[in-house]
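Q: Sharing a structure below in structure tokens format, with a few things to ask.
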Amino acid sequence: MTKQEEIFKILSAKLRKILTAANIHYEWLQELRLRIHSPFIIIYGGKEYFLSEHGGLERDRQNAYIVNAIDLKETLEYISSFSLYAYEDEIRQGFITVQGGHRIGLAGKVILEQEKVKSIKHISFINIRMSHEVIGCGASILPYLYVNQQICHTLVISPPGCGKTTLIRDMIRLISDGYREYPGITVGVVDERSEIAACYRGVPQNDVGIRTDVLDCCPKAEGMLMMIRSMSPVLIAVDELGKREDIDALEYVMNCGCRILATVHGSSVADVHNKPVLSKMIEDKMFKRYIVLDGMEGPGKVRNVLDELGNVLYTGVM
Amino acid sequence: MGIYFKLAGAICIMGATGYFAVSMNQTMELRKQELRKLYSLLIQLKSEIQYMYNPLPESFAKLAKSAKEPFSTWLFDMVNTLEEKEEITFSDVWKEGVENLHKHSALEKEDVEPLKELADKLGSEDVSSQLKAIDYAVLHLEGNRTVLEKDLGQKKKVTVTLSLFCGAMTLILLL
């Protein structure tokens, strides 16, 4: 199924008609934004455009098509296959992953139960983020993660929106499939927010390699232990470490002889060292490699790869 | 010769009224069976929502495979329409489907009314609200079935008696 078909499957008939008339290149389409009684906006080739009723890409909002309640209701029904209840857990997190790995962000009235988000009602804002894999983006740094043909415990440090998930996804694929002299190994992915593999009905929509098992929508701490018990992975990959229980599970996994590939928000090793939950692991030199991404140079740019002593092994951004 | 024609006419009239009575009774019997099947379908749909968390088109397709006519066609038609995704909402598809079911089954208006009320609940509400709505519909159907079963024997007798009485009266009038 092409990207266009995947997107058309979830859009209301009216919005489909507008996009058809727009005649755009779907590989360049990054986001579609639907907000009630607001212009229909797309992010296309890195720029924001308003779409007119006849499909014109406009910079002036006066000519934009205004999204109405029917468009939103219809789109939401198609996204959820007419069954919002089937996606209650995902909606609680604020997004649904659809076929093709595209992520649908939802906002509306939040329903609380015992001060926790139970659901979202009256959904009036939809953000469709197109899935984009960058095949091969992890290849240049992969050799720096091996010592004696063994993959090291690795932490990817990156500010938000700098491509850490895209990078880790490609690294998982390469590690799982095998790359050059490095043979493929069994990888367990605990994909709490369906960002890495983007599973749709249990099937990864992104290429995560032939030796990869995915626990989708599973809390990281619990998932890592489940993976060890059930799938005997050589490496476990998780995205966005943050909670105390994640770190406890991580330590357990490392002590089990399993390798770790994880990501965390931050701008440098020193920055991550200041986080109370991770500081001890860094001091104890549990991670043997740090990959630091650079937010200043644009998404996906690796600033450097460091070892546990802080020696620079690779510099990507000069 | 005339007596034979009269005899044949009398047999035809009595046969027609008898056939009418039998067909009325069969319709009532069919309604009872269909109410039971519908009840069972709704219970299955409830467990699909409660335990399987399957989307409605998937659940309908699954139920349609094991269901008998006219429910099988009803469910399959809805699945096809929902999968087309052409300017539709679930509510409209469900209401139209229920109307068609009413036309092609022995169910009466009072049987399909609780189904119509599910249109705005299924798919769009949370699990517990949907389960309550299905329970409410099931309760109505069960009520209708109980009333029907209770009165069925008596209704059958009345239908046969009235039909034959009408036939006999017609005969007397014609003779």
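So the sequence lines, in the order shown, correspond to chains C and B.
Residues in the first sequence are numbered from 42 upward in steps of one, following our numbering.
Residues in the second sequence are numbered from 199 upward in steps of one, following our numbering.
Just so you know, even glycine gets a beta-carbon here, dropped at the ideal spot from N, CA and C.
1) Can you give, in chain order, each stretch of the alpha helix (DSSP H) that sits fully within the stretch 44 to 92 of chain C and has at least 4 residues?
2) Between which two residues does the alpha helix (DSSP H) carrying HIS338 (chain B) extend?
3) Taking Cβ to Cβ, would you say LEU113 (chain C) is nearer than 8 Å to ILE152 (chain C)?
4) Quick one: which residues of the stretch 124 to 135 of chain C get their C-beta closer than 8 Å to a C-beta of chain B? List them in chain order.
5) So, is the C-beta of ASP333 (chain B) closer than 8 Å to a C-beta in chain C?
6) Just to confirm before moving on: does the CB-CB distance between ARG214 (chain C) and VAL249 (chain C) stay below 8 Å?
7) With H, G and I counted as helix, E and B as strand and the rest as coil, what does DSSP make of LEU243 (chain B)?
8) Given this structure, state the Cα-to-Cα distance separating TYR355 (chain C) from ASN345 (chain C), to the nearest angstrom.
9) Can you list the residues of chain E that PHE288 (chain B) reaches, using a CB-CB cut of under 7 Å?
10) Please give me, in chain order, every unbroken run of the beta strand (DSSP E) with length at least 3 that falls completely inside the stretch 275 to 349 of chain C.
11) Thinking C-alpha only, which one of C:TYR128, C:LEU183 and C:MET171 is nearest ILE161 (chain C)?
12) In terms of residues, what are the limits of the beta strand (DSSP E) holding ASN168 (chain C)?
13) Can you have a look at TYR331 (chain C) and say buried or exposed, based on whether 16 or more other CB atoms are within 10 angstroms of its CB?
14) Could you give the distance in angstroms between the alpha-carbon of VAL89 (chain C) and the alpha-carbon of MET265 (chain C)?
15) Could you tell me which chain C residues have their CB closer than 7 Å to the CB of LEU280 (chain B), listed as they occur along the chain?
16) Please report the residue range of the beta strand (DSSP E) in which SER199 (chain C) lies.
17) Taking a Cβ distance cut-off of 8 Å, strictly less, list which residues of the stretch 229 to 244 of chain B are near chain C, in chain order.
18) Going along chain B in order, which residues have a C-beta closer than 9 Å to the C-beta of GLU46 (chain C)?
19) If I'm right that GLY341 (chain B) touches THR215 (chain B) with Cβ under 8 Å, what's the distance once you round it to whole angstroms?
20) Please list, in chain order, the residues of the stretch 283 to 310 of chain B that have any C-beta partner in chain C closer than 7 Å.
21) Beta-carbon of ASP275 (chain B) versus every beta-carbon of chain C: anything under 8 Å?
22) Could you give the distance in angstroms between the alpha-carbon of LEU117 (chain C) and the alpha-carbon of SER53 (chain C)?
23) Which partner residues does PHE136 (chain C) have in the DSSP bridge list?
24) By the three-class DSSP mapping on this structure, what secondary structure does ASP101 (chain C) have?
25) Answer with yes or no whether the minimum CB distance from ALA54 (chain C) to chain B is below 8 Å.
26) Let me see if you follow: with CB-CB separation under 8 Å, is LYS58 (chain C) close to chain B or not?
27) Going by CA-CA distance only, name the one from B:TYR202, B:ALA219, B:ALA206 and B:MET212 that's closest to VAL358 (chain B).
28) Short of 6 Å in beta carbon distance, which residues of its chain neighbour ASN104 (chain C), apart from the five on each side in sequence? Order them along the chain.
29) Taking 8 Å as the CB-CB limit, is LYS368 (chain C) close to chain B?
30) Identify the contact partners of LEU50 (chain C) in chain B, using a Cβ-Cβ distance below 9 Å as the criterion.
31) As a quick exercise: from B:SER322, B:LEU240 and B:THR287, pick the residue whose alpha carbon is nearest that of ASP333 (chain B).
32) Should VAL305 (chain C) be labelled buried (16 or more other beta-carbon atoms within 10 Å of its own) or exposed?
33) Assuming contact is defined by CB atoms lying nearer than 8 Å, are LYS293 (chain B) and ALA317 (chain B) in contact in what I supplied?
34) Taking the straight line between their C-alpha atoms, what separation do you get for THR344 (chain B) and PRO255 (chain B)?
35) Of all the options C:LYS261, C:ASP287, C:LYS284 and C:VAL255, which has the alpha carbon lying nearest to the alpha carbon of MET272 (chain C)?
36) Just to confirm the assignment: which complete alpha helix (DSSP H) runs, minimum length 4, are found wholly within the stretch 217 to 277 of chain C?
A: Short version:
1) 44 to 49 and 54 to 63
2) Here residue 338 (chain B) is taken as the residue at index 140 of the second sequence, counted from 1. Taken as a continuous stretch (DSSP letters only), the alpha helix (DSSP H) holding HIS338 (chain B) covers 325 to 372.
3) Within the first sequence, numbered from 1, the residue matching residue 113 (chain C) stands at position 72. Within the first sequence, numbered from 1, the residue matching residue 152 (chain C) stands at position 111. Cβ distance not < 8 Å, so LEU113 (chain C) and ILE152 (chain C) don't count as in contact.
4) SER124, LEU125, TYR126, ALA127 and GLU129
5) Position 135 of the second sequence holds residue 333 (chain B). Not an interface residue.
6) Indexing the first sequence from 1 puts residue 214 (chain C) at position 173. Indexing the first sequence from 1 puts residue 249 (chain C) at position 208. Yes, Cβ-Cβ distance for ARG214 (chain C) and VAL249 (chain C) is below 8 Å.
7) Counting from 1 along the second sequence, the entry for residue 243 (chain B) is found at position 45. Reduced to three states, the DSSP call for LEU243 (chain B) is helix.
8) Translated into positions along the first sequence, residue 355 (chain C) becomes position 314. Translated into positions along the first sequence, residue 345 (chain C) becomes position 304. Their backbone Cα atoms lie some 5 Å apart in a straight line.
9) The structure shown contains no chain E; its protein chains are C and B.
10) 276 to 279, 300 to 306, 330 to 334 and 343 to 348
11) Locating residue 161 (chain C) in the first sequence gives position 120, where the first residue counts as 1. Here the closest residue by C-alpha is C:TYR128.
12) As a first step, residue 168 (chain C) must be located in the first sequence, where it is residue number 127. Its beta strand (DSSP E) spans residues 157 to 170.
13) Locating residue 331 (chain C) in the first sequence gives position 290, where the first residue counts as 1. Classification of TYR331 (chain C): buried, given that the 10 Å Cβ count is 16 or more.
14) Numbered from 1 along the first sequence, position 48 holds the residue referred to as residue 89 (chain C). Numbered from 1 along the first sequence, position 224 holds the residue referred to as residue 265 (chain C). In the sequence as presented, Val is not what sits at residue 89 (chain C); that position holds Glu. Near 39 Å, if we compare the C-alpha coordinates of MET265 (chain C) and GLU89 (chain C).
15) As a working note, residue 280 (chain B) is residue 82 in the second sequence. Those within 7 Å of LEU280 (chain B) in chain C are PHE123.
16) Translated into positions along the first sequence, residue 199 (chain C) becomes position 158. Element bounds for SER199 (chain C): 195 to 199.
17) none
18) To locate residue 46 (chain C), count along the first sequence from 1; it is residue 5. Those within 9 Å of GLU46 (chain C) in chain B number zero; the least Cβ separation is about 12 Å.
19) Indexing the second sequence from 1 puts residue 341 (chain B) at position 143. Indexing the second sequence from 1 puts residue 215 (chain B) at position 17. Not really, about 32 Å apart at Cβ, beyond 8 Å.
20) LYS283, GLU284, GLU285, THR287 and PHE288
21) Against the second sequence, residue 275 (chain B) aligns to sequence position 77. Not an interface residue.
22) Residue 117 (chain C) sits at position 76 when you count from the first residue of the first sequence. Residue 53 (chain C) sits at position 12 when you count from the first residue of the first sequence. Between LEU117 (chain C) and SER53 (chain C), the C-alpha separation is close to 8 Å.
23) One-based indexing of the first sequence puts residue 136 (chain C) at position 95. C:GLY146, per the DSSP bridge assignment.
24) One-based indexing of the first sequence puts residue 101 (chain C) at position 60. Correct three-state label for ASP101 (chain C): coil.
25) Reading the first sequence from its first residue, position 13 is the one you call residue 54 (chain C). Closer than 8 Å to some Cβ of chain B, the Cβ of ALA54 (chain C) qualifies, so yes.
26) Position 17 of the first sequence, counting from 1, holds the residue named residue 58 (chain C). Answer no: the Cβ-Cβ gap between LYS58 (chain C) and chain B never drops below 8 Å.
27) One-based indexing of the second sequence puts residue 358 (chain B) at position 160. The shortest Cα separation from VAL358 (chain B) among B:TYR202, B:ALA219, B:ALA206 and B:MET212 belongs to B:ALA219.
28) Start at 1 with the first residue of the first sequence, and residue 104 (chain C) comes out as number 63. Only SER93 meet the Cβ criterion.
29) Only positions 42 to 359 of chain C appear in this structure, which leaves residue 368 (chain C) out of reach.
30) As a first step, residue 50 (chain C) is located in the first sequence; it is residue number 9 there, counting from the start. Looking at the sequence itself, residue 50 (chain C) is Lys, so the reference to Leu does not match. Residues of chain B passing the Cβ test: LYS283.
31) Mapped onto the second sequence, residue 333 (chain B) falls at position 135. Ranking B:SER322, B:LEU240 and B:THR287 by Cα distance to ASP333 (chain B) puts B:LEU240 first.
32) Indexing the first sequence from 1 puts residue 305 (chain C) at position 264. Per the 10 Å Cβ criterion, buried.
33) Sequence index remark: in the second sequence, residue 293 (chain B) carries index 95 (1-based). Sequence index remark: in the second sequence, residue 317 (chain B) carries index 119 (1-based). Cβ atoms of LYS293 (chain B) and ALA317 (chain B): closer than 8 Å.
34) Mapped onto the second sequence, residue 344 (chain B) falls at position 146. Mapped onto the second sequence, residue 255 (chain B) falls at position 57. Those two C-alpha atoms are separated by around 31 Å.
35) Position 231 of the first sequence holds residue 272 (chain C). It is C:VAL255 whose Cα lies nearest to the Cα of MET272 (chain C).
36) 261 to 272
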